[in-house]
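One structure is given below, encoded as structure tokens.
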Amino acid sequence: MDRRATVRRVGVVILGVNLALAVAKALVWQATGSLAVGSEAVNSVADVAYSAVVVAGLYLTTQPPDFEHPHGHERIEPFVSLFVAAGVFVAGIGVAYSGATALLSAGPPRTITGGPLAVGVLVATGAVKLLLYRYCLRVGRRRDSPALVATALDNRNDTLTAAAALVGVLGVAAGYPALDALAAVAVSVGILYTGYEIVRDNVGYLVGAAPPEDLRGEILDRALSHPEVRGAHDVVAHYVGPEVDVSLHIEVEGERSLFEAHDIETEVVESIRALPAVDDVFVHVDPKELGEWKEADDARIAAEEADGTEADVPPPDAADQ
């Protein structure tokens, strides 16, 4: 299944699961009167709302290229991730506020009816959210989808909040209602950190940051591995949304015909484009006799660092030897 269909399918699964959990928690809340379960029900309703936005965002970002967006719509996806991050921050602040308020208040102890039912729905929620976290994370990383990775982290948060709610239910049943508030405060710290992680991981996609060093080294290695390429310079790789665009100059023997130079360029482009993270590749062909590359060229240094050997690039004065 291609990336478009896979990402859309995961979005629909997330929406369906959150809707089912919201209904189940609402029914148990009505039957037991548990505030912990009620809070989880409200949390699931919020999850349904953001899941609908994620589904819409994933539908837009997986649209094929068109006249107005010739490079596709992938740049939308980091914005979807930041929307998820905003929801995570709101949830974290809300959990922290409710926990702190409960700790500072001196109200009467709460009572819960139907304790086993409340425990059951919270245990089931934690298990389902943990499975959903692992599923979204696996697909998100395999398909290079920052929105799915952000959603996975949000599902991890839901596992933590379900555990905190479970502690609250058991604490109230055992006569220690303060456990509910303490667990909520502790979990809120983890939730807020997750929001920070999502923002940190997606800002680079929006500002055109460079990809990891190993990917840049692999790009240069593939260019220099072509038997007709004698050098490479002005290598630029940067994120355009979650994918990488690459531009570089390669150097070939000056006596090559235009047809031969075109074939070399095409083969280098196809080799680099075969990298899963790479989207577009732009290659300019130079005669090596021009000697445009420099002794301290970043591309040459990157190639040497990538494989621990000197790149097969002649010095400028070797062109006539």
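First residue of the sequence shown: 195, per my numbering; consecutive thereafter.
Positions of the beta carbon are idealized from the N, C-alpha and C atoms, including for glycine.
Item: Nearest-angstrom Cα separation, counted from VAL361 out to THR226; Value: 16 Å
Item: Of the listed residues ALA216, TYR291 and SER339, nearest to VAL248 (C-alpha basis); Value: SER339
Item: Contained beta strand (DSSP E) runs [length at least 3] in the segment 398-462, N- to C-terminal order; Value: 425-434 and 437-446
Item: LEU452, buried or exposed, once every other Cβ within 10 Å from all chains shown has been counted against 16; Value: exposed
Item: Cβ neighbour criterion (16 or more within 10 Å) applied to HIS263; Value: exposed
Item: Whole-angstrom distance between ASN396 and PRO405, CA atom to CA atom; Value: 12 Å
Item: Straight-line gap, LEU316 to ALA214 (C-alpha atoms, nearest Å); Value: 13 Å
Item: Burial state of PRO436, where buried means 16 or more other Cβ atoms lie within 10 Å; Value: buried
Item: Under the three-state DSSP convention, the category PRO470 falls into; Value: coil
Item: Residue span of the alpha helix (DSSP H) that contains LEU213, given as start and end; Value: 197-226
Item: Distance between beta carbons of ARG337 and THR200, contact taken as under 8 Å; Value: 6 Å
Item: Beta-carbon proximity of LEU347 to THR388, cut-off 7 Å; Value: yes
Item: Secondary structure, alpha helix (DSSP H): runs of 4+ residues fully inside the segment 220-290; Value: 229-255
Item: Distance between SER292 and TYR253 (C-alpha atoms, nearest Å); Value: 35 Å
Item: Nearest to GLN257 (by Cα), restricted to the options ILE270, HIS432 and GLU464; Value: ILE270
Item: VAL231 beta carbon less than 7 Å from that of ALA216; Value: no
Item: Top-ranked residue by Cα proximity to PRO272, from GLY251, VAL282 and LEU209; Value: GLY251
Item: Pairwise C-alpha distance: VAL211 and LEU331; Value: 16 Å
Item: The segment 420-440 in contact with the segment 472-488 per 3-pair CB rule at 8 Å; Value: yes
Item: Burial state of ASP352 (16 or more Cβ within 10 Å); Value: buried
Item: Residues of its chain near PHE476, where Cβ-Cβ distance is below 6 Å and the 5 sequence neighbours each way are ignored; Value: SER441
Item: Pairwise C-alpha distance: HIS478 and ILE287; Value: 51 Å
Item: Buried or exposed (CB count within 10 angstroms, at least 16 for buried), LEU209; Value: buried
Item: Simplified DSSP state of ASP395, which is helix, strand or coil; Value: helix
Item: 7 Å Cβ cutoff met for ALA358 and ALA377; Value: yes
Item: Inter-residue CB distance, LEU519 and ILE392 (contact presumed, cutoff 8 Å); Value: Because the chain in this structure spans residues 195 to 515, residue 519 falls outside the shown range and cannot be described.
Item: VAL462 and ALA417 closer than 7 Å at C-beta; Value: yes
Item: For GLY425 and GLY448, the rounded distance between their alpha carbons; Value: 12 Å
Item: Alpha carbon of HIS432 to alpha carbon of VAL274, nearest angstrom; Value: 20 Å
Item: Spatially closest choice to ALA321 from ALA296, ARG335 and ARG350, by CA coordinates; Value: ARG350
Item: Three-state class that DSSP yields for ASP480 in the structure shown; Value: strand
Item: Whether VAL446 touches GLU422 by CB criterion (7 Å); Value: yes
Item: Nearest-angstrom Cα separation, counted from VAL204 out to VAL236; Value: 23 Å
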